[in-house]
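Take a look at the structure below.
In the numbering used here, the protein residues as written are 2 to 430.
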């Protein structure tokens, strides 16, 4: 990695803010205006090959031309440009904050109303860009900045396509594979609906902590985008309202004509979904719930990220003494983690055992393929607190989380088997 320069042009470099495949962004001081700016500079090694140099200089030129034409409160402003420098650079408005990449993991998700506010502002910014003939082509969390005061700024128009013919378009796939629309992958004509698909992917990720299309490679991801339907966000977070699930499903429709007709329609759908969002647990309550799971022996080997993902997947319920948690001979589609209290297990009205906090209940619904018939009845012997998890939700979760549950279940089943064998040996005596 090259060292940070002391200055670029007339700008004094303070520190590096971040870097990507095509360039690096520095925080710099504009001594003439006495303010802070962000300088985006092309990586020098990309200019060594003449063909590559043309490509990356053109990308920077396109961004300078396109961003220089627009002025919107939710789009980062262009301040200066030097295309002749080696390497060339843009000077952009400095956004004091961070990108949405920091909020794409189950343990770092933003409150749902805040996610919808961000998406609403992105719709406004992209509608403005569309009115100026632009398709961004690279909407992703890294290109959406969240200012410390909560304002949103869309950035990086280097891959943008102008429908007005005022810049030379670059051929080939432009953008990040995981966020590309099906028509973008096929290199077909792009419209505003392509950016809608990409924003839908971002929304899905900000709400669930997972990408809707995840492959082992870029090629596998591209195949999934074109051929597979993602799991509903309500599978991964059951408390999310149906209206929000429908909104995301529409944005991720395979055909552009099945998505929203325009950005105004997308924004209106977000506004409508926001009205249906029940105020979710406060950060304090979520932290308390996290601590309850962290204290469970069952989850001893779960990482913090895996515990947060578990919390997002399920729903904690408080049940009174005498409540039947599951009934013998019924179909089981969920299992439970017993957080507080005790339950009794019976079969044909005969008492089998009692279970205390810290164990799982009904896990065969997850472990056994196909429909599982409950083999016993479980009743709350005291007031209890449980985390209910749908089996299909866990099976759609991250590979890490599935592995954590598999290991925990094996450990628990072995412990139960040893205890049963010990009990049998005592009876033989």
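By construction, the Cβ of each residue, glycine as well, lies at the ideal position given by its N, Cα and C atoms.
Pair within 7 Å by beta-carbon distance, residue i and residue j
i           : j           : result
residue 1   : residue 128 : In the structure as shown, the chain starts at 2 and stops at 430, and residue 1 therefore has no counterpart that could be examined.
residue 17  : residue 32  : no
residue 213 : residue 205 : yes
residue 62  : residue 94  : no
residue 43  : residue 24  : yes
residue 183 : residue 216 : no
residue 390 : residue 315 : yes
residue 120 : residue 271 : yes
residue 104 : residue 207 : yes
residue 242 : residue 203 : no
residue 367 : residue 392 : yes
residue 9   : residue 90  : yes
residue 80  : residue 92  : yes
residue 268 : residue 402 : no
residue 57  : residue 49  : no
residue 238 : residue 318 : no
residue 185 : residue 257 : no
residue 410 : residue 382 : no
residue 73  : residue 126 : yes
residue 234 : residue 209 : yes
residue 353 : residue 360 : no
Local conformation of residue i per DSSP, three classes
i           : result
residue 232 : coil
residue 371 : coil
residue 42  : strand
residue 267 : helix
residue 36  : strand
residue 292 : helix
residue 93  : strand
residue 363 : coil
residue 336 : strand
residue 273 : helix
residue 227 : helix
residue 317 : strand
residue 30  : strand
residue 215 : coil
residue 181 : coil
residue 81  : strand
residue 66  : helix
residue 16  : strand
residue 9   : strand
residue 325 : strand
residue 204 : helix
residue 387 : strand
residue 411 : helix
residue 249 : helix
residue 278 : coil
residue 117 : helix
residue 135 : strand
residue 434 : Residue 434 cannot be examined here, being either before or after the span of the chain that is shown, 2 to 430.
Residue burial classification, residue i (beta-carbon count within 10 angstroms, cutoff 16)
i           : result
residue 137 : buried
residue 305 : exposed
residue 113 : buried
residue 45  : exposed
residue 333 : buried
residue 458 : As shown, the chain starts at 2 and ends at 430. That puts residue 458 outside it, with no answer to give.
residue 370 : exposed
residue 417 : exposed
residue 109 : exposed
residue 156 : buried
residue 218 : exposed
residue 284 : Because residue 284 sits at a pLDDT of 44, beneath the cut-off of 50, its placement in the model cannot be relied upon, and the point is left open.
residue 311 : buried
residue 34  : exposed
residue 372 : exposed
residue 77  : buried
residue 7   : exposed
residue 132 : exposed
residue 276 : exposed
residue 190 : exposed
residue 229 : exposed
Those residues which DSSP pairs with residue i across a bridge
i           : result
residue 147 : 99, 153
residue 392 : Per DSSP, none; premise fails for residue 392.
residue 354 : 346
residue 24  : 43
residue 55  : DSSP, once it has assigned bridges, lists no residue as partnering residue 55.
residue 381 : 344
residue 76  : 155
Segment contact flag, the segment 83-99 with the segment 138-153, C-beta cutoff 8 Å, min 3 pairs: yes
Cβ contact check for the segment 369-382 and the segment 310-330: 3 or more pairs under 8 Å: yes
contact_flag[the segment 293-300, the segment 154-162] where n(CB pairs < 8 Å) is 3 or more: no
Cβ pair count under 8 Å reaching 3, the segment 341-354 against the segment 384-404: yes
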